[in-house]
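Novice: Residue 107 is where the sequence shown starts when you use my numbering, and the numbers rise one by one after that.
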Amino acid sequence: MKRPTAKSTTSQRIKLIIVDRQRLVRCLLRRALSSEGLYDVIADSPTAQRAIAICEKVQPDLVILDMELPDYSAIRAVAEITRVSPGSRVLLCAGAPSEERLLDFIRSRADGFVDKTSSLDSLFEAVRRVTGGERFFSTPASPTSASLLKRPERAIGDKWSLTRREAEVLKLVAEGASNKKIAAVIGIKAGTVEVHRRNLMKKLGVRNAAGLTAYAFESGVVALRPGRLDGEPHHGPEEPTESDDAS
Numbered sequence: 107m108k109r110p111t112a113k114s115t116t117s118q119r120i121k122l123i124i125v126d127r128q129r130l131v132r133c134l135l136r137r138a139l140s141s142e143g144l145y146d147v148i149a150d151s152p153t154a155q156r157a158i159a160i161c162e163k164v165q166p167d168l169v170i171l172d173m174e175l176p177d178y179s180a181i182r183a184v185a186e187i188t189r190v191s192p193g194s195r196v197l198l199c200a201g202a203p204s205e206e207r208l209l210d211f212i213r214s215r216a217d218g219f220v221d222k223t224s225s226l227d228s229l230f231e232a233v234r235r236v237t238g239g240e241r242f243f244s245t246p247a248s249p250t251s252a253s254l255l256k257r258p259e260r261a262i263g264d265k266w267s268l269t270r271r272e273a274e275v276l277k278l279v280a281e282g283a284s285n286k287k288i289a290a291v292i293g294i295k296a297g298t299v300e301v302h303r304r305n306l307m308k309k310l311g312v313r314n315a316a317g318l319t320a321y322a323f324e325s326g327v328v329a330l331r332p333g334r335l336d337g338e339p340h341h342g343p344e345e346p347t348e349s350d351d352a353s
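The following block contains the structure:
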């Protein structure tokens, strides 16, 4: 289900939370965004757990989230934030977008990604577009990345051309499982899993696991709750300290 768009009226500023492991980054982002006059940075946090607790309390419009936090993966962090604050939109931040980060972005169902090497203008554009209801990704690293972020041109009905076993393998690939894990789950050899992977890539017209994952999510073959793809157990968030809530 599509989450609601953050309020964007001129009479009420957008409420933001900044989550980044580096204090200097948090301070610089706070100063830059506050100077615009459109955003109210109500808190910042170095960890996902503290951010989740703050989100539950204040229900921010946008969370700017580092993808390399010390406690939670990006997938789990997005899931927990949107669970406790369904109206919050999430903008992920990291270094240059590698294939692995792209996969995490797709699986997390975050609303946007911005490269930390981008300009402030790019960050402001990302914040504006994500709070306006769009899904934003800063300039992709390669044509392959760009193609993965577009909805597949194939009709959703194409999923029915897959065999039952191919659909099982595709689902597990999209969840991030290795060939060994897939083999154990469905009771076949790892070599056979690799054959199914190659057949799927040929049939769906993609070249790698990122392409399979993007197709699985966008076509509806897989519809999983984000945050349970990396095998991490659920833990309740910590109580925020007073310094975390202060802006």
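C-beta atoms are modelled at their ideal positions from N, C-alpha and C, and glycine is treated no differently.
These numbers were taken from a predicted model, which means no experiment stands behind them.
Can you check whether the CB of R195 is closer than 8 Å to the CB of T153?
Specialist: no
Novice: Provide the residue(s) that pair with V355 in DSSP beta bridges, ordered along the chain.
Specialist: This structure leaves residue 355 out entirely; the chain is present only between 107 and 353.
Novice: Give me the residue from I158, Q165, P166, V190 with the minimum Cα distance to L175.
Specialist: I158
Novice: The alpha helix (DSSP H) with V301 in it runs from where to where?
Specialist: 296 to 310
Novice: For the stretch 185 to 200 against the stretch 136 to 152, are there 3 or more C-beta pairs whose distance is under 8 Å?
Specialist: no
Novice: In the DSSP output, what is I170 paired with across the bridge?
Specialist: I124, L197
Novice: Return the residue from the list D210, A320, T188, P192 that minimises the CA-CA distance to M173.
Specialist: D210
Novice: Just how far apart, CA to CA, sit E162 and R189?
Specialist: 9 Å
Novice: State the Cα-Cα distance for the pair M307 and G218, rounded to the nearest angstrom.
Specialist: 26 Å
Novice: Give the straight-line distance between the Cα atoms of E272 and R241, rounded to the nearest whole angstrom.
Specialist: 30 Å
Novice: Less than 7 Å between C-beta atoms, sequence neighbours within five positions excluded: which residues of the same chain meet that for N305?
Specialist: E272
Novice: Starting from A232, follow the alpha helix (DSSP H) in both directions and report where the run begins and ends.
Specialist: It spans 226 to 237 - the alpha helix (DSSP H) in which A232 sits, taken as one unbroken run.
Novice: Let me check understanding here. Comparing Cα to Cα, which of Y321, G297, L276, R213 lies closest to A183?
Specialist: R213
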